[in-house]
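Asker: I have a structure here, written as structure tokens, and I will follow up with some questions on it.
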Amino acid sequence: MKEFKIVKEPIEIQHVIDQVVDPNCGAISTFIGTVREMTKEKKTLYLEYDAYVPMAEKELKRIGDEIKEKWPDSKVAITHRIGRLEITDVAVVIAVSTPHRAAAFEASRYAIERIKEIVPIWKKEHWENGEMWIGDQLEQHSYRDGKPKMEDEND
Amino acid sequence: MKEFKIVKEPIEIQHVIDQVVDPNCGAISTFIGTVREMTKEKKTLYLEYDAYVPMAEKELKRIGDEIKEKWPDSKVAITHRIGRLEITDVAVVIAVSTPHRAAAFEASRYAIERIKEIVPIWKKEHWENGEMWIGDQLEQHSYRDGKPKMEDEND
Amino acid sequence: MIKVLLFATLQEKVGASELSLEENAIKISDLKNRLIEEYDVQEFSNCLVAINEEYAGDNDIAESGDTIAFIPPVSGG
Amino acid sequence: MIKVLLFATLQEKVGASELSLEENAIKISDLKNRLIEEYDVQEFSNCLVAINEEYAGDNDIAESGDTIAFIPPVSGG
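Chains as they are written, first to last, in our numbering: chain A, 119 to 273; chain B, 119 to 273; chain C, 56 to 132; chain D, 56 to 132.
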């Protein structure tokens, strides 16, 4: 099993978690991104995800390495799904285990923020009256200025 | 399925998550507490959990109500296992879904801190050279002073 | 009759999970003092108490038919 | 030959997922300007670029055998 991967099939959450279970861990924090129907007034019908797969997997692994450096004794696994996803489908599962719980929460939060910054994955929203690649509407999106932007809520 | 429950059998993580999936949620944060082998220098052989079951389930539900009040549009499910647990076994699973991710992380963190404050569940550590009910060694443990203590790391 | 439930360390120290009081009413603080003395278990003073599965205060009074639970410092999670 | 990969909005606007350049070497900034003009797709200017699956800068130079990928603002998660 690969700890950092892009898949086309539904994600088995338990499999992602299994990869971080460890005798020295007392806490596992997971983040699961699901497809939401309503964003403000707009109703999503379904999403389409595209990725530059080999590079996306490398960047996910990079995030894992960053986490292991910031939170020693942690274990990380991340799976992101691409293709067509319906409302409530799981797009991404992040699992982080650490000896104590504070670090587990911080690290899984860090992982999702970094995914939204550096991993070459794109989401296309399909609404009743149109469609759009998300991210495209942002001008001068600056990815690599160091810190994740915690206020970004485009999940 | 009950959203807030104490069980004697292994916890199915997916079942806890299933209870919070919602078309209006884009983020699910879960916290999974597992049995850790080493705490500082001490090696745990296994744990034993006891609970005042009917009251513990009520208090778990109370935490769910608190979360729904603090983070509107959230859904919460919590299952805690009791009995004998071996190293890496799952003791508790918390799942919180919210429209956006920041709230999901905050709310699941809140849930575990509140469990450690108000829910009548007790953990007995079994080491190679002894055993002890955890919590018992704390003097004047003050449960009900309002805020969860974020620095408590007895997970 | 009032039922008294004991858990975890209290259950082990007293050697019982349940006690019965032949009283019509008792104040929690009085009961605590009585149990500390009767069983020589200091930990009763350090417990929270629930009456009928709701946390109660030292000045609350339990009546016949009620269930009192002594809640040692919790350690779930 | 240098391979150029296009994704998401760029792929749709250019109408291809892959281009081939008959060059021995090209500077990323020069390639961006050329593609903006050739396809009339302003979004190239707003992209990050990777050479052989590693992020690269506008002044980096790709050589024959390399794969360049244009990375529009990402929106995973």
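Backbone N, C-alpha and C define an ideal beta-carbon position, used for all residues, glycine too.
Taking the runs of the beta strand (DSSP E) that are 3 residues or longer, which of them lie wholly in the region 141-176 of chain A?
Answerer: List check, beta strand (DSSP E) in window: 145-152, 160-169.
Asker: Does DSSP classify Val125(B) as helix, strand or coil?
Answerer: Here Val125(B) sits in strand by DSSP.
Asker: If Arg227(B) and Pro217(A) are in contact, beta carbons under 8 angstroms, what's the gap, nearest whole angstrom?
Answerer: In fact, because the Cβ distance is near 17 angstroms, the residues do not count as touching under 8 angstroms.
Asker: Under the rule that 16 or more other beta-carbon atoms within 10 Å means buried, what is Arg202(A), buried or exposed?
Answerer: With fewer than 16 Cβ atoms within 10 Å of its Cβ, Arg202(A) is classed as exposed.
Asker: If we call anything under 7 angstroms between Cβ atoms a contact, is Met173(A) one with Glu93(D)?
Answerer: Their beta carbons are not under 7 angstroms apart, which means Met173(A) does not touch Glu93(D) by this criterion.
Asker: Between the Cα of Lys234(A) and those of Ile205(A), Ile212(A), Glu130(A), spot the shortest distance and give me the residue it belongs to.
Answerer: For the residues Ile205(A), Ile212(A), Glu130(A), the minimum Cα distance to Lys234(A) belongs to Ile212(A).
Asker: Compare the C-alpha of Glu98(C) against each of Ser84(C), Leu65(C), Ala71(C), Leu61(C) and name the closest.
Answerer: Cα-wise, what sits closest to Glu98(C) is Leu65(C).
Asker: State yes or no: is the beta carbon of Ile239(A) nearer than 7 angstroms to at least one beta carbon in chain D?
Answerer: It does; some Cβ of chain D falls within 7 angstroms.
Asker: Give the DSSP-derived three-state secondary structure of Phe223(A) in the structure shown.
Answerer: It is helical.
Asker: Return the residues of the region 211-235 of chain B that lie within a Cβ-Cβ distance of less than 8 angstroms from chain C, sorted by chain order.
Answerer: Here the close residues are Ile230, Ile233, Lys234, Glu235.
Asker: Output yes if chain C places a C-beta closer than 7 angstroms to the C-beta of Met156(B); else output no.
Answerer: It does not; no Cβ of chain C falls within 7 angstroms.
Asker: Note down, in chain order, every chain C residue with its Cβ under 7 angstroms from the Cβ of Ala198(B).
Answerer: At residue 198(B) the sequence reads His, which differs from the Ala that was named. By Cβ distance, chain C contributes Gly131.
Asker: What residues in the region 148-175 of chain A have a beta carbon less than 8 angstroms from any beta carbon of chain D?
Answerer: The residues in question are Gly151, Tyr167, Asp168, Ala169, Tyr170, Pro172, Met173, Ala174.
Asker: Opposite Trp240(A) in the DSSP bridges: which residues?
Answerer: Note: Trp240(A) sits in a beta bridge opposite Asp168(A).
Asker: Measuring CB to CB, does Phe122(A) end up less than 7 angstroms from Ile230(A)?
Answerer: Contact: no.
Asker: Nearest CA to the CA of Tyr110(D): which residue from Ala124(D), Ser119(D), Glu118(D)?
Answerer: The residue with the shortest Cα to Cα distance from Tyr110(D) is Ala124(D).
Asker: Whole-angstrom Cβ separation of Ile135(B) and Ile146(B), contact assumed at under 8 angstroms?
Answerer: Right, the Cβ-Cβ distance comes to about 6 angstroms (below 8 angstroms), so this counts as a contact.
Asker: For Glu246(A), does the three-state DSSP call read helix, strand or coil?
Answerer: Correct three-state label for Glu246(A): coil.
Asker: Flag Gln132(A) as yes if its beta-carbon sits less than 7 angstroms from any beta-carbon of chain B, otherwise no.
Answerer: At least one chain B Cβ lies under 7 angstroms of Gln132(A).
Asker: Mapping DSSP to helix, strand and coil, what is His198(A)?
Answerer: Strand, per DSSP.
Asker: What does DSSP give as the partner residue(s) for Tyr110(C) in the beta ladder?
Answerer: Answer is Ala105(C).
Asker: May I ask you to list the residues that DSSP assigns as paired with Ser215(A)?
Answerer: Answer by DSSP bridge pairing, in chain order: Ile146(A), Lys193(A).
Asker: For Ile205(B), which of helix, strand or coil comes out of DSSP?
Answerer: If DSSP states are grouped into helix, strand and coil, Ile205(B) belongs with coil.
Asker: Looking at the C-beta of Lys58(C), does it have a partner C-beta in chain B at a distance below 7 angstroms?
Answerer: Closer than 7 angstroms: no.
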